[in-house]
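Asks: According to the working numbering, the residues represented by the sequence shown are 338 to 728, in order.
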Amino acid sequence: MTYLADANGYYGEFGGAFVPEILHRCVQELQSMYLEVLHSASFREDFDRLLRDYVGRPSPLYLAKRLSHRYGCKIYLKREDLNHTGAHKINNTVGQILLARRLRKRRIIAETGAGQHGVATATVCALMGMECVVYMGRTDVERQRVNVEKMKMLGARVVPVTSGNGTLKDATNEAIRDWCCHPSDTYYIIGSTVGPHPYPDLVARLQSVISEEIRKQLQEQEGRDHPDYLIACVGGGSNAAGTIYHYVDDPRVQIVLAEAGGKGVETGQTAATIALGRMGIIHGARTYVIQNEDGQIEEPYSISAGLDYPGIGPMHANLARQKRAIVLAVNDDEAIRAAYELTRLEGIIPALESAHALGALGKLRFKPEDVVVLTVSGRGDKDMETYLRFG
Numbered sequence: 338m339t340y341l342a343d344a345n346g347y348y349g350e351f352g353g354a355f356v357p358e359i360l361h362r363c364v365q366e367l368q369s370m371y372l373e374v375l376h377s378a379s380f381r382e383d384f385d386r387l388l389r390d391y392v393g394r395p396s397p398l399y400l401a402k403r404l405s406h407r408y409g410c411k412i413y414l415k416r417e418d419l420n421h422t423g424a425h426k427i428n429n430t431v432g433q434i435l436l437a438r439r440l441r442k443r444r445i446i447a448e449t450g451a452g453q454h455g456v457a458t459a460t461v462c463a464l465m466g467m468e469c470v471v472y473m474g475r476t477d478v479e480r481q482r483v484n485v486e487k488m489k490m491l492g493a494r495v496v497p498v499t500s501g502n503g504t505l506k507d508a509t510n511e512a513i514r515d516w517c518c519h520p521s522d523t524y525y526i527i528g529s530t531v532g533p534h535p536y537p538d539l540v541a542r543l544q545s546v547i548s549e550e551i552r553k554q555l556q557e558q559e560g561r562d563h564p565d566y567l568i569a570c571v572g573g574g575s576n577a578a579g580t581i582y583h584y585v586d587d588p589r590v591q592i593v594l595a596e597a598g599g600k601g602v603e604t605g606q607t608a609a610t611i612a613l614g615r616m617g618i619i620h621g622a623r624t625y626v627i628q629n630e631d632g633q634i635e636e637p638y639s640i641s642a643g644l645d646y647p648g649i650g651p652m653h654a655n656l657a658r659q660k661r662a663i664v665l666a667v668n669d670d671e672a673i674r675a676a677y678e679l680t681r682l683e684g685i686i687p688a689l690e691s692a693h694a695l696g697a698l699g700k701l702r703f704k705p706e707d708v709v710v711l712t713v714s715g716r717g718d719k720d721m722e723t724y725l726r727f728g
């Protein structure tokens with residue numbers, strides 16, 4: 338048994354590809370060739386070179402001594418915040434832009450919530466000289482102004498989306514509409530492990546460089562290649578997928594996923610999809626979705642723009658269903674407290690998304706000999722106004 342995707346893009350009963358007929362050819366083309374490209378020597382050479390020389394990998398695995406003392410175990414931080422563009426998102430966009438070039442696409446579209454995926458997409462489009470359009474919810478445009486200006490400076494056209502809550506779900510809806518209108522020349526770089534097959538598997542494979550490095554770095558620092566706990570935040574789930582990829586079938590490792598509790602799971606102002614979601618289809622995949630009795634998608638809420646999503650990647654839905662992962666809802670105030678704690682103890686200001694993973698530490702009980710790896714998925718520059726307002 339494996340918790341990774343099968344040949345049809347299913348994780349147990351989650352996943353698949355549910356797309357309009359106009360996109361069927363695009364998705365089928367991608368399904369038929371993505372593994373061949375990813376396994377090719379030329380792709381690996383280009384991908385590895387850019388990760389090393391452009392992104393700045395490997396990212397450090399840092400032993401956080403003061404944080405470790407606070408929680409009574411040994412905590413390592415996987416520092417994705419130190420990548421070029423300040424988050425894990427660049428790992429995926431570098432890989433997908435190389436894939437888009439091999440498909441001879443000339444126009445790139447993307448969705449973004451916190452703006453990190455939008456910045457990473459705009460960055461690789463500038464690098465490769467390709468047209469870039471980024472869809473971003475109106476609410477997120479307002480709370481992530483710095484990232485919006487970065488995307489524009491990089492040459493991308495940022496399209497504010499006014500439907501719904503003006504957040505990640507709505508940006509994704511508009512990106513899919515664009516793709517339907519321009520299927521022949523456009524490649525959609527999806528930013529997380531969501532969407533129709535092969536995107537969840539494709540993004541997870543590109544992000545798996547994170548767990549590949551963790552294995553090597555733990556071996557060097559601890560004399561063992563696996564931790565006792567892996568902790569990551571989940572919205573769509575790309576940094577979590579990358580963190581756990583090489584460990585997902587290893588029973589020695591306890592996986593902990595921290596989703597956005599918002600103002601409390603019971604308040605209705607939340608993005609805790611695994612806690613509240615029911616089986617449904619969102620953005621081309623079958624997974625858990627926060628929905629009402631009529632099956633209409635409920636508007637999610639989180640203080641974090643990157644976790645403000647009413648679905649969850651099918652990999653993570655299956656991990657929750659099979660009880661392979663512990664899933665914890667971390668509320669806004671808990672995330673803020675955790676961010677300030679890391680900042681004061683270790684001098685690292687995390688992204689609000691990563692702060693949710695840090696907020697999970699206080700909900701777990703560790704033994705002194707436990708080795709914990711927690712992924713800091715991004716840096717907190719983009720969230721300073723929020724920290725100052727609520728901290």
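Glycine is no exception: its CB is placed at the ideal position from the N, C-alpha and C atoms.
Just so it is clear, the structure is predicted and the values come from calculations on it, not from any experiment.
Among ILE640, PRO647 and PHE703, which one has its Cα closest to the Cα of GLY632?
Replies: PRO647
Asks: To the nearest angstrom, how far is it from the Cα of MET338 to the Cα of ARG681?
Replies: 43 Å
Asks: Give, in chain order, every unbroken run of the beta strand (DSSP E) that is at least 3 residues long and sits entirely within the region 658 to 704.
Replies: 662 to 668
Asks: Taking the alpha carbon of SER375 as the reference point, which residue from GLY614, ILE513 and LEU435 has its own alpha carbon closest?
Replies: The question names Ser, but residue 375 is Leu in the sequence shown. Measuring C-alpha to C-alpha distances from LEU375 to each of GLY614, ILE513 and LEU435 identifies LEU435 as the nearest.
Asks: My output table needs one value for THR733: the three-state DSSP class, helix, strand or coil.
Replies: Lying before the first or after the last residue shown, residue 733 is absent from the chain, which here runs from 338 to 728.
Asks: May I have the straight-line CA-CA distance separating GLU690 from ARG362, to the nearest angstrom?
Replies: 35 Å
Asks: Report yes if the CB atom of TYR524 is closer than 8 Å to the CB atom of ALA512, and no otherwise.
Replies: no
Asks: Using DSSP's beta-bridge definition, name the partner residues of ILE627.
Replies: Answer by DSSP bridge pairing: none, since ILE627 is not bridged.
Asks: Quick one: Cα of GLY598 to Cα of ASP418, how far?
Replies: 23 Å
Asks: Pick helix, strand or coil for LYS487, following the three-state DSSP scheme.
Replies: helix
Asks: Can you tell me whether DSSP reads CYS570 as helix, strand or coil?
Replies: strand
Asks: Cutting at 7 Å between CB atoms, please list the residues of its own chain near LYS426, excluding the five before and the five after it.
Replies: Within the same chain, Cβ atoms closer than 7 Å to the Cβ of LYS426 are found at GLN453, HIS454, ALA457 and GLY528, the five residues on either side in sequence being excluded.
Asks: Does DSSP put LEU341 in a helix, a strand or coil?
Replies: Three-state DSSP puts LEU341 in coil, outside helix and strand.
Asks: For CYS518, does the count of other Cβ atoms within 10 angstroms reach 16, so buried, or fall short, so exposed?
Replies: exposed
Asks: Does the region 596 to 610 come close enough to the region 576 to 584 that 3 or more CB-CB pairs lie under 8 Å?
Replies: no
Asks: Would you please state the rounded distance, in angstroms, between the beta carbons of PRO520 and ILE649? I believe it to be under 8 Å.
Replies: By a beta-carbon distance limit of 8 Å, PRO520 does not contact ILE649. Their separation comes to about 27 Å.
Asks: Cα-Cα, which of LYS442, ARG438 and THR422 is closest to THR460?
Replies: THR422
Asks: Classify ASP718: buried if its beta carbon has 16 or more other beta carbons within 10 angstroms, exposed otherwise.
Replies: exposed
Asks: In whole angstroms, what separates the C-alpha of LEU341 from that of THR430?
Replies: 21 Å
Asks: Quick check: what's the CA-CA separation for ILE618 versus GLY349?
Replies: Taking C-alpha positions only, ILE618 is separated from GLY349 by approximately 15 Å.
Asks: Where do the N-terminal and C-terminal ends of the alpha helix (DSSP H) with SER517 fall, by residue?
Replies: The sequence as given places Cys at residue 517; Ser does not occur at that position. From DSSP, the alpha helix (DSSP H) with CYS517 extends over 505 to 518.
Asks: What residue ranges within the region 346 to 403 form continuous alpha helix (DSSP H) runs of no fewer than 4 residues, ordered along the chain?
Replies: 358 to 376 and 378 to 387
Asks: Suppose only complete runs of 3+ residues qualify. What are the beta strand (DSSP E) ranges in the region 425 to 494, listed by chain order?
Replies: Qualifying beta strand (DSSP E) stretches, in chain order: 444 to 449 and 468 to 474.
Asks: Is the beta carbon of TYR472 sitting closer than 8 Å to the one on GLU448?
Replies: yes
Asks: If distances are taken between C-alpha atoms only, which option among ARG542, ASN668 and GLU550 comes closest to MET652?
Replies: ARG542
Asks: What's the gap between the Cα of VAL498 and the Cα of PRO705?
Replies: 48 Å
Asks: DSSP three-state call for ARG561: helix, strand or coil?
Replies: coil
Asks: Counting C-beta neighbours from all protein chains within 10 Å, is the total for THR604 16 or more, i.e. buried, or is it exposed?
Replies: exposed
Asks: What did DSSP end up calling ALA577 once you bin it into helix, strand or coil?
Replies: helix
Asks: GLY532 and GLY621: beta carbons closer than 8 Å?
Replies: yes
Asks: Mapping DSSP to helix, strand and coil, what is TYR413?
Replies: In the structure shown, TYR413 sits in a strand (DSSP, three-state: E or B).
Asks: Can the beta-carbon of SER714 be found less than 8 Å from the beta-carbon of CYS570?
Replies: yes
Asks: Run the CB neighbour count on LYS553, radius 10 Å, all protein chains shown included, and call it buried at 16 or more, exposed below.
Replies: exposed
Asks: What are the residues that DSSP puts in a beta bridge with ARG589?
Replies: Answer is none; ARG589 lacks a bridge partner.
Asks: Taking just the CA atoms, how far does ALA694 sit from GLU550?
Replies: 19 Å
Asks: When we look at the beta-carbon of ARG386 and count the other beta-carbons within 10 Å, is it buried (16 or more) or exposed?
Replies: exposed
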